[in-house]
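To convert, count from 1 in the sequence shown and add 52; that's this note's numbering.
We put the CB at the ideal spot given by N, CA and C, even for glycine.
What follows is one structure encoded as structure tokens, with my remarks underneath.
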Amino acid sequence: MSELNRRRGIALLALAGAFLSTYLFLYALGYYGELACGAGGGCDLVQGSRWARFLGFPVAGWGVGWYAAVFGVSMLGTRDGIGAAGWIPRVLAVLALGGLAFTIYLTALELWVIHAICRWCVGSAAITLGIFLLTLPEFRALRRSG
């Protein structure tokens with residue numbers, strides 16, 4: 053897959069994640085009374101836990117910001133002239149690795165502390181993993197450039 057197509061794929065995944073996170077963020081702000089989670093879903097339990105906030109701000113809000121940053125950097129990476137800039141792979145690599153680490157932390161909290169699984173959170177985790185996997189060639193490019 054070409055660098056251009058990978059970055060477009062990252063942008064599409066980030067856009068999907070931004071919509072998902074916006075839905076959860078609006079719920080956290082009180083715009084929805086109940087999440088559409090399906091039978092046996094633990095969404096309300098997860099979103100109502102003390103772990104649903106990070107540094108006093110809803111985790112979903114952080115997600116909206118992170119996905120927006122990934123979207124913006126990946127779209128800049130598709131532009132002629134800017135796409136070849138050395139900072140693009142560095143920023144994408146840092147964002148992807150940071151996002152994956154935070155996702156692993158949140159998933160561990162769901163499994164071993166909260167004892168509930170939010171399907172929306174699983175969707176966000178899958179999107180984040182996809183972004184990370186599409187960013188792996190950026191890590192390789194960084195190693196080659198030293």
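### Message
I'd like to know if the stretch 177-184 and the stretch 67-78 are in contact, where contact means that at least 3 CB-CB pairs between them fall below 8 Å.
### Response
They touch, by the three-pair rule.
### Task
Starting from the C-beta of Phe-191, find all residues in its chain whose C-beta is less than 6 Å away, skip the five residues before and the five after it, and write them out in chain order.
Against the sequence shown, residue 191 aligns to sequence position 139. Correct list, in chain order: Ala-145.
### Length of the line joining the Cα atoms of Gln-99 and Gly-133
By 1-based counting over the sequence shown, the position of residue 99 is 47. By 1-based counting over the sequence shown, the position of residue 133 is 81. A straight-line Cα-Cα distance of about 42 Å links Gln-99 and Gly-133.
### Message
Tell me the rounded alpha-carbon separation between Gly-225 and Trp-118.
### Response
There is simply no residue 225 to check, as the chain begins at 53 and stops at 198 in what is shown.
### Query
What residue does the alpha helix (DSSP H) around Trp-103 start on, and which one ends it?
If you number the sequence shown from 1, residue 103 lands on position 51. Premise fails: Trp-103 is in no alpha helix (DSSP H) and is neither H nor E.
### Query
Exposed or buried, what is Ser-54 when buried is set at 16 or more other beta-carbons lying within 10 Å of its beta-carbon?
One-based indexing of the sequence shown puts residue 54 at position 2. Ser-54 comes out exposed.
#### Entry: Same chain, Cβ closer than 6 Å to Ala-104, five either side skipped, listed in chain order
Here residue 104 refers to the residue found at position 52 of the sequence shown. Taken in chain order, the residues that qualify are Val-111.
### Task
Would you check if the distance between the CB atom of Thr-74 and the CB atom of Val-116 is smaller than 8 Å?
Looking up residue 74 in the sequence shown gives position 22. Looking up residue 116 in the sequence shown gives position 64. Yes; because the gap between Cβ atoms is below 8 Å, this pair is in contact.
### Query
Assuming Leu-87 contacts Cys-95 under a Cβ cut-off of 8 Å, what Cβ separation, rounded to an integer in Å, is found between them?
Position 35 of the sequence shown, counting from 1, holds the residue named residue 87. Position 43 of the sequence shown, counting from 1, holds the residue named residue 95. Indeed they touch by this definition, with Cβ atoms about 4 Å apart.
### Message
Using 8 Å as the threshold, is the C-beta distance between Glu-162 and Ala-153 below it?
### Response
Numbered from 1 along the sequence shown, position 110 holds the residue referred to as residue 162. Numbered from 1 along the sequence shown, position 101 holds the residue referred to as residue 153. A distance of 8 Å or more separates the beta carbons of Glu-162 and Ala-153.
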